[in-house]
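Chains A and B, in that order, are what the protein sequence lines are. Just so it is clear: in the first sequence, position 74 is 74 by our numbering, and no numbers are missing. Just so it is clear: in the second sequence, position 232 is 232 by our numbering, and no numbers are missing. All residues carry an ideal CB built from backbone N, CA and C; glycine is no exception. All of these numbers come straight from a predicted model, not from anything done at the bench.
2 protein chains.
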Amino acid sequence: MQFVIEQEKLNAGLSFVARAVPSRPTHPVLANILLFADQANQTLSLTAFDLSLGIYTRMAASVEVGGRCTLPAKLLSDIISRLPQSTIAVANAIGEQSVTLKASSGEYQIRGMGPEEYPELPQVETGKSVQLSANALLEGLRRTLFATSPDEAKQILTGVHLKIQAGTLEFASTDGHRLAVVQTENIQSTDSLAVAAETTDLEVTIPARALREVERMVSLGSLDQEDALAPMGLRLDESQVIFEFGNQRLNSRKLEGAYPAYNQLIPQEFSSYIDLDRRQLLGALERIAILASQKNDIIKCTIDRDRQMVCFSAEAAEVGNALESLSAQISGDEPEEVAFNVKYLLEGLKVFTTSELQICLNTATSPVILRPLGELKMTYLVMPVQIRS
Amino acid sequence: MQFVIEQEKLNAGLSFVARAVPSRPTHPVLANILLFADQANQTLSLTAFDLSLGIYTRMAASVEVGGRCTLPAKLLSDIISRLPQSTIAVANAIGEQSVTLKASSGEYQIRGMGPEEYPELPQVETGKSVQLSANALLEGLRRTLFATSPDEAKQILTGVHLKIQAGTLEFASTDGHRLAVVQTENIQSTDSLAVAAETTDLEVTIPARALREVERMVSLGSLDQEDALAPMGLRLDESQVIFEFGNQRLNSRKLEGAYPAYNQLIPQEFSSYIDLDRRQLLGALERIAILASQKNDIIKCTIDRDRQMVCFSAEAAEVGNALESLSAQISGDEPEEVAFNVKYLLEGLKVFTTSELQICLNTATSPVILRPLGELKMTYLVMPVQIRS
């Protein structure tokens, strides 16, 4: 194996795939990155894989002699990231696991492990294939990933549920206490890449961890590209999904099991509506949260229809209490009081981007809906907290 | 107590004094900040004190009723920092430990503790008093604080030793493995603030922790002021030092015991001199350090006088090895090889600011001196590591 590559390219590639390197590898070779120098295509590809999430990227390189090797991810990234912006010559002798890196002033030998020990990324040969709007994907992920459950025991709730239909993408996430649902249009900017007809009515639940990397992949892509983003390819079979974006590929297992029928949980009618300024509400709740954090994060919301004001309060006997009042547009008669876990409210408000939002209520114990008022189609459901009065 | 103050001022003051609030207070009241509203002077002062380090600041406020109270530092800072930029009204009833904060939209009640429980900051009534150039102090602290010992058992070595003479300030720090000495001119920019004659030949060792806050105090001050900085007042007696800078004051205990006679350790003659580009050396050592970190941080420096090159190398049998070569101006014949702990070299090079530096050597086992080449008067002594060959 022998090739020359620009430091910047290799560094970007390494930091991209490194996210799939497990911090506690079940097998030593998984702490490594697989390098494949392809002489025919004059490319270098990098692969990292923790047996659940796999990330692959390919970049141009001057390949003199093709070959494969694996090198310790952290050591390699640490060295490459500190080399000056110039070319790096990489070589190893046939059958040797030690690789030499030569840069302008320095020479590094790193011991790797045999590439034959590195597991293959799962392939999706048969199965379905769709094109997704990268922008729509980014929009949806940014507003649903936060509401997934971090608890591995909750299985299917650790992922985001994706419903792909001809013209729309629906994202849903819930941890059992709150639910975020986002609808975006799945429209490509170029005709040649129009959504394939076969894509209708596909549903899949994908681990949040993999989708965070998809979000990152698209975000980084949008920095490089001035125009609309290229579409994201998605292939899937019984157990695997593969995202394809330019020269990058991300493999993940699917989450098994039926995703909760969340649309049934969303009330269609409400007894009260409250319209509020989002930034003011966010500021008030962030302050109230300081005192609420001393007592289970619970805050009380009092709706004053006469003065068209909403008051949020928190009490922590030993420490103090807090009261924030906001003017609002309130319609409907019920309820007068409702209590929340302030963390759930805050997390939802942070992904809204509109200047105003609406809170929709029925009773003090039934699901409450928060919606951004404006272009974004998002429904955020929060269960109130029951308080003894 | 009753006063009105701007959110920005109060917030800046709180984050300044908060550094002296202990994370694990030995007495509950020390987790609080002491507020003193002074009606006669129309000021609010804030004090935090962990019984070793005390920080005090004073700011303008509209004081209706004077008084004192103490409030939990973290809770207070968290709330004040999140309030909008406007005025805040602060009040408590006589004899009440609960304080009310009123801002534009919110109202907060915080329980404090009686101000009579809060310990007094030590006073320095008699003793010596000097004026220091704030810029000189900043220069010196920035280049010596890093070399103090973090080990509390090492007592006097946990501080920076200051030698104050008529026109100069000398700073020294050592942890037993390396020594940093900086000389700066102690000259005020305004005549009226010229150094007092009584300031000659004063020596004191001050804990690094307190000096880091002094550094911060001056750094923040230099952001506010466009011209040269106001001088720093230093008063000291047998056990205490007080730094005074504008409306701010910092108390610290002195470190007791004799500081090592460090000047005796610095060789005056050398057998070899190596002049190097500082940035190139820093880059090379940072890369070498990655491999050296796998094996006690030891690197070998080989001096090639024929080629006028210096090579740095590290070997970690299981992992790999690294070699960096730099062109240099080398004079003198000895030694050919010398080994270092790369961390000590790196920490020193990072506080140098000149484009070139000089390494001065005698033998492979005698103290090595690094000096910035240029305006800065700094001596950095590092003990080589003995290696078995």
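- Message: Using the three-state DSSP reduction, which class does residue 217(B) fall into: helix, strand or coil?
- Response: The count along the second sequence starts at 1 and reaches residue 217(B) at position 217. Residue 217(B): helix per DSSP, three-state reduction.
- Item | Rounded distance between the beta-carbons of residue 273(A) and residue 331(A), thought under 8 Å | If you number the first sequence from 1, residue 331(A) lands on position 331. If you number the first sequence from 1, residue 273(A) lands on position 273. Contact holds; Cβ gap of about 5 Å.
- Query: How should residue 359(A) be labelled, buried or exposed, when 16 other C-beta atoms within 10 angstroms of its C-beta is the threshold for buried?
  - Reply: By one-based count along the first sequence, residue 359(A) stands at place 359. Buried, since its Cβ has 16 or more Cβ neighbours within 10 Å.
- Is residue 350(A) helix, strand or coil by DSSP? Walking along the first sequence from the start, residue 350(A) turns up at place 350. For residue 350(A), the three-state secondary structure derived from DSSP is helix.
- Among 213(A), 264(A) and 262(A), which one has its Cα closest to the Cα of residue 242(A)? If you number the first sequence from 1, residue 242(A) lands on position 242. Per the Cα distances, 213(A).
- Query: Rounded to the nearest angstrom, how far is the Cβ of residue 289(A) from that of residue 326(A), given a contact under 8 Å?
  - Reply: Here residue 289(A) refers to the residue found at position 289 of the first sequence. Here residue 326(A) refers to the residue found at position 326 of the first sequence. About 15 Å; that fails the 8 Å criterion.
- Message: Contact between the region 105 to 125 of chain A and the region 230 to 242 of chain A is defined here as three or more beta-carbon pairs at a separation below 8 Å; is this criterion met?
- Response: Taking one beta carbon from each stretch, the region 105 to 125 of chain A and the region 230 to 242 of chain A have 3 or more pairs nearer than 8 Å; the two touch.
- Item | Residue-level contact to chain A via CB, residue 319(B), 8 Å cutoff | What you label residue 319(B) is simply residue 319 of the second sequence in a count that begins at 1. Output row for residue 319(B): interface = yes.
- Rounded C-alpha distance that separates residue 377(B) from residue 168(B): The residue you call residue 377(B) lines up with position 377 of the second sequence. The residue you call residue 168(B) lines up with position 168 of the second sequence. Near 11 Å, if we compare the C-alpha coordinates of residue 168(B) and residue 377(B).
- residue 357(B) and residue 335(B) closer than 8 Å at C-beta: Against the second sequence, residue 357(B) aligns to sequence position 357. Against the second sequence, residue 335(B) aligns to sequence position 335. Taking 8 Å as the Cβ cut-off, residue 357(B) and residue 335(B) do not qualify as a contacting pair.
- Task: Could you check which residue in 46(B), 117(B), 166(B) and 108(B) has the C-alpha nearest to that of residue 201(B)?
- Result: Counting from one through the second sequence, the residue named residue 201(B) turns up at place 201. Answer by Cα proximity: 166(B).
- Query: With distances taken from CA atoms, which of 294(A), 151(A) and 304(A) is nearest residue 315(A)?
  - Reply: Numbered from 1 along the first sequence, position 315 holds the residue referred to as residue 315(A). If we check each option's Cα against that of residue 315(A), 294(A) comes out closest.
- Task: Name the two residues that bound the continuous alpha helix (DSSP H) containing residue 17(B).
- Result: Mapped onto the second sequence, residue 17(B) falls at position 17. It spans 7 to 17 - the alpha helix (DSSP H) in which residue 17(B) sits, taken as one unbroken run.
- Assign residue 131(A) to one of two classes, buried (16 or more other C-beta atoms within 10 Å of its C-beta) or exposed (fewer than that). Locating residue 131(A) in the first sequence gives position 131, counting from the first residue. In summary, residue 131(A) is buried, with 16 or more beta-carbon neighbours lying within 10 Å of its beta-carbon over all protein chains present.
- Item | Distance between residue 129(B) and residue 42(B) (C-alpha atoms, nearest Å) | Locating residue 42(B) in the second sequence gives position 42, where the first residue counts as 1. Locating residue 129(B) in the second sequence gives position 129, where the first residue counts as 1. Rounded to whole angstroms, residue 42(B) to residue 129(B) spans 28 Å at the Cα level.
- At what residue ranges does the region 59 to 94 of chain A contain a whole run of the beta strand (DSSP E), taking only runs of 3 or more? 62 to 65, 67 to 72 and 87 to 91
- is_contact[residue 109(A), chain B] using C-beta, thresh 8 Å: Residue mapping note: residue 109(A) aligns to position 109 of the first sequence, counting from 1. True, the Cβ-Cβ gap to chain B drops below 8 Å.
- Is any beta-carbon of chain A found at less than 8 Å from that of residue 324(B)? For the purposes of this step, residue 324(B) is identified with residue 324 of the second sequence, where counting begins at 1. Judged by the 8 Å Cβ criterion, residue 324(B) is in contact with chain A.
- Item | Proximity below 8 Å, CB of residue 383(B) to CB of residue 178(B) | Here residue 383(B) corresponds to residue number 383 of the second sequence, with the count starting at 1. Here residue 178(B) corresponds to residue number 178 of the second sequence, with the count starting at 1. Yes, they are a contact pair.
- Inter-residue Cα distance where the pair is residue 100(B) and residue 20(A): The sequence position of residue 100(B) within the second sequence is 100, counting from 1. The sequence position of residue 20(A) within the first sequence is 20, counting from 1. Their backbone Cα atoms lie some 51 Å apart in a straight line.
- Message: Rounding to the nearest angstrom, what Cα-Cα distance links residue 115(A) and residue 95(A) in this structure?
- Response: One-based indexing of the first sequence puts residue 115(A) at position 115. One-based indexing of the first sequence puts residue 95(A) at position 95. Cα-Cα distance, rounded: 10 Å.
- Taking only beta carbons into account, state which residues of the region 284 to 312 of chain A come closer than 7 Å to chain B, listed in chain order. 284, 286, 287 and 290
- Task: Could you tell me the distance, in whole angstroms, from the CA atom of residue 395(A) to the CA atom of residue 138(A)?
- Result: Limits of chain A in this structure are 1 at one end and 389 at the other, which puts residue 395(A) out of reach.
- Query: Along chain B, in chain order, which residues have C-beta atoms closer than 8 Å to that of residue 82(A)?
  - Reply: Here residue 82(A) refers to the residue found at position 82 when the first sequence is read from its first residue. By Cβ distance, chain B contributes 283, 286, 287 and 290.
- With DSSP run on the structure shown, which of helix, strand or coil describes residue 116(A)? Locating residue 116(A) in the first sequence gives position 116, counting from the first residue. Residue 116(A): helix per DSSP, three-state reduction.
- Query: Sorted by chain position, which residues of the same chain lie with C-beta nearer than 6 Å to residue 170(A)'s C-beta, five sequence neighbours on each side aside?
  - Reply: One-based indexing of the first sequence puts residue 170(A) at position 170. 163 and 183.
- For chain B, is any of its Cβ atoms less than 8 Å away from the one on residue 75(A)? Locating residue 75(A) in the first sequence gives position 75, where the first residue counts as 1. Judged by the 8 Å Cβ criterion, residue 75(A) is in contact with chain B.
- Out of 76(A), 90(A), 209(A) and 117(A), point me to the one whose CA is closest to residue 142(A)'s CA. The residue you call residue 142(A) lines up with position 142 of the first sequence. The option with the nearest alpha carbon to residue 142(A) is 209(A).
- Message: Determine, for residue 330(A), whether the minimum Cβ-Cβ distance to residues of chain B falls below 8 Å.
- Response: Counting from 1 along the first sequence, the entry for residue 330(A) is found at position 330. At least 8 Å separates the CB of residue 330(A) from every CB of chain B.
- Message: If the criterion is Cβ atoms closer than 8 Å, does the pair residue 394(B) and residue 300(B) meet it?
- Response: This structure cannot settle anything about residue 394(B), because the visible part of chain B is limited to 1 through 389.
- Task: Just the C-alpha distance for residue 333(B) and residue 366(B), rounded to the nearest angstrom, thanks.
- Result: The residue you call residue 333(B) lines up with position 333 of the second sequence. The residue you call residue 366(B) lines up with position 366 of the second sequence. One alpha carbon belongs to residue 333(B), the other to residue 366(B), and they sit about 15 Å apart.
- Query: Looking only at its own chain, which residues have a Cβ that is under 8 Å from the Cβ of residue 298(B), when we skip the five neighbours before and after it?
  - Reply: For the purposes of this step, residue 298(B) is identified with residue 298 of the second sequence, where counting begins at 1. 292, 314, 339, 340, 341, 342, 385 and 387, listed in sequence order.
- Measuring only between beta-carbons, confirm whether residue 195(B) sits less than 8 Å from chain A. The sequence position of residue 195(B) within the second sequence is 195, counting from 1. The predicted model places residue 195(B) with a pLDDT of 43, which falls under 50 and marks its position as unreliable, so this point remains unresolved.
- What's the C-alpha gap between residue 190(A) and residue 207(A)? Mapped onto the first sequence, residue 190(A) falls at position 190. Mapped onto the first sequence, residue 207(A) falls at position 207. With a pLDDT of 42 at residue 190(A), under the threshold of 50, the predicted position of this residue should be treated as unreliable, and no value is reported.
- Query: Shortest alpha-carbon distance to residue 320(B) belongs to which of 109(A), 280(A), 215(A) and 305(A)?
  - Reply: Walking along the second sequence from the start, residue 320(B) turns up at place 320. It is 109(A).
- Message: I need the DSSP call for residue 305(B), collapsed to helix, strand or coil.
- Response: The sequence position of residue 305(B) within the second sequence is 305, counting from 1. Assignment of residue 305(B) by DSSP, reduced to helix, strand and coil, places it in the coil class.
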